[in-house]
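In this text, residue positions in the sequence shown follow the numbering used here: the first is 674, and each later residue adds one.
Virtual Cβ for every residue (Gly too), placed ideally from N, Cα, C.
For reference, the structure is listed below as structure tokens.
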Amino acid sequence: MSWADSLIKLSTYEVEILQKRLGEITDRRMAAEMKLVLLEAEGEAESQRAREDAEHGWYQVGFLEGLRVRKAATQVEINRIADEEAGARDALSLAYEEQKKYEQVADGIAKARAKQVAKLETAALDELGLRRAAGAR
């Protein structure tokens, strides 16, 4: 295995790790967004109960304030995760670029080797042709 193949293998591993990390971050963001949706649904259900039961309405103000605080905290978490996700996407993009560079270098090396082999074969055939031509005289 050449050094270029080793670099490609390492960069592929790095890309896989970053893809896994990005998947985990995306899962956390989706869970936080689902939590926000559930909080909104909980607020709607509480408002409906307050409309149906006037006595329950006394507690609604405190509940809505607590709900507002929990929703704000969840939104902050979503924003933080979104920033982390953007950073992970950038890192993954850079890892893909590095992997592509290594693959291009390996491809260039393979083409150079093939060109060198073709050059040596042509020289060997030319020499063989010259020997036959000299032997025919």
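Euclidean distance between Cα positions of residue i and residue j
i: Ile-751; j: Thr-685; result: 30 Å
i: Ala-786; j: Ala-746; result: At residue 786 the sequence reads Arg, which differs from the Ala that was named. Near 60 Å, if we compare the C-alpha coordinates of Ala-746 and Arg-786.
i: Lys-792; j: Glu-800; result: 12 Å
i: Tyr-775; j: Ile-681; result: 6 Å
i: Ala-705; j: Val-734; result: 25 Å
i: Leu-805; j: Gly-781; result: In the sequence under discussion, the amino acid at residue 805 is Arg, which differs from the Leu named in the question. Cα to Cα, the separation comes out at about 36 Å.
i: Glu-770; j: His-729; result: 59 Å
i: Val-749; j: Trp-676; result: 45 Å
i: Leu-711; j: Lys-784; result: 58 Å
i: Lys-708; j: Asp-678; result: 45 Å
i: Leu-683; j: Gly-760; result: 21 Å
i: Gly-802; j: Glu-794; result: 12 Å
i: Ala-723; j: Glu-758; result: 39 Å
i: Gln-721; j: Arg-753; result: 32 Å
i: Glu-719; j: Ile-698; result: 31 Å
i: Asp-726; j: Leu-737; result: 16 Å
i: Gln-789; j: Ala-796; result: 10 Å
i: Leu-798; j: Gly-808; result: 15 Å
i: Tyr-732; j: Asp-700; result: 35 Å
CB-CB length for residue i against residue j, believed under 8 Å
i: Gln-692; j: Leu-765; result: 6 Å
i: Ala-779; j: Arg-702; result: Actually they are not in contact, since the Cβ atoms of Ala-779 and Arg-702 sit about 36 Å apart, beyond 8 Å.
i: Arg-743; j: Leu-695; result: Not really, about 27 Å apart at Cβ, beyond 8 Å.
Residue environment, residue i, which counts as buried when at least 16 other CB atoms sit within 10 Å
i: Gln-777; result: exposed
i: Gln-772; result: buried
Reference residue i, options the options, closest by Cα
i: Glu-715; options: Leu-798, Leu-740, Thr-795; result: Leu-740
Ignoring anything shorter than 3 residues or poking outside the stretch 701–730, list the beta strand (DSSP E) runs there in chain order. Taking only runs of at least 3 residues, no beta strand (DSSP E) segment lies wholly in the stretch 701–730.
Which parts of the stretch 757–787 are runs of the alpha helix (DSSP H), unbroken and 4 residues or longer, counting only runs that do not cross its ends? List check, alpha helix (DSSP H) in window: nothing returned.
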